[in-house]
Amino acid sequence: MHVYPCFALFTGFPTAIFNENAQIPMLSGDNYTEWKEKALLALGCSDMDPTLRVEEPPIPTESSTPVAKANYEQWERSNRLSLMLIKSHISQSIRGSIPNSDKAKAYIKAIDE
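In our numbering, the protein residues as written are 393 to 505.
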């Protein structure tokens, strides 16, 4: 049985229950609350939510420490995958009316407005 990272303490947590609860509906306009709740759950349980919780670290330079480089790479990956997941669950008709952003946190804020 696969255990999602946020449920590491609950080794008996049934994956089927998580999959059912985190199934993200397509955002269609009248289901925003459910869509956002399930999208955030999926991002959190798959460890893709640092981009929503942590400010973007400085872009690393040649003189950056390995830790700083790793932190940025982790944040960038989280941001990229979060955007892909979010955008893939928004209907095309709605997606066109949302200002595009390359930052997941800003994109969700734009949807909130």
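Built from N, CA and C at the ideal position, the CB exists for glycine as well.
query = What span of residues does the alpha helix (DSSP H) with LEU473 cover, start to end?
reply = Indexing the sequence shown from 1 puts residue 473 at position 81. Its alpha helix (DSSP H) spans residues 458 to 480.
request  = Would you mind working out which of ARG445, SER483, ILE486 sits nearest GLN466, comparing C-alpha positions?
outcome  = Indexing the sequence shown from 1 puts residue 466 at position 74. Of the listed residues, the one whose Cα sits closest to GLN466 is ARG445.
Cβ-based burial, PRO491 [other Cβ within 10 Å; buried from 16] = Counting from one through the sequence shown, the residue named residue 491 turns up at place 99. Exposed, because fewer than 16 other Cβ atoms sit within 10 Å of the Cβ of PRO491.
query = Would a C-beta distance cut-off of 9 Å place TYR499 and LEU473 closer than the cut-off?
reply = For this step, residue 499 is matched to residue 107 along the sequence shown. For this step, residue 473 is matched to residue 81 along the sequence shown. Cβ distance not < 9 Å, so TYR499 and LEU473 don't count as in contact.
task = Grab me the residues of LYS497's own chain with a C-beta within less than 7 Å of its C-beta, minus the 5 sequence neighbours each way, in chain order.
result = Your numbering for residue 497 matches position 105 in the sequence shown. Excluding sequence neighbours, LYS497 sits near THR443, LEU444.
ask   = Which residues in the same chain have their Cβ closer than 7 Å to the Cβ of ILE451, if we skip the five residues on either side of it in sequence?
value = If you number the sequence shown from 1, residue 451 lands on position 59. Excluding residues within five positions, the ones whose Cβ falls inside 7 Å are TYR464.
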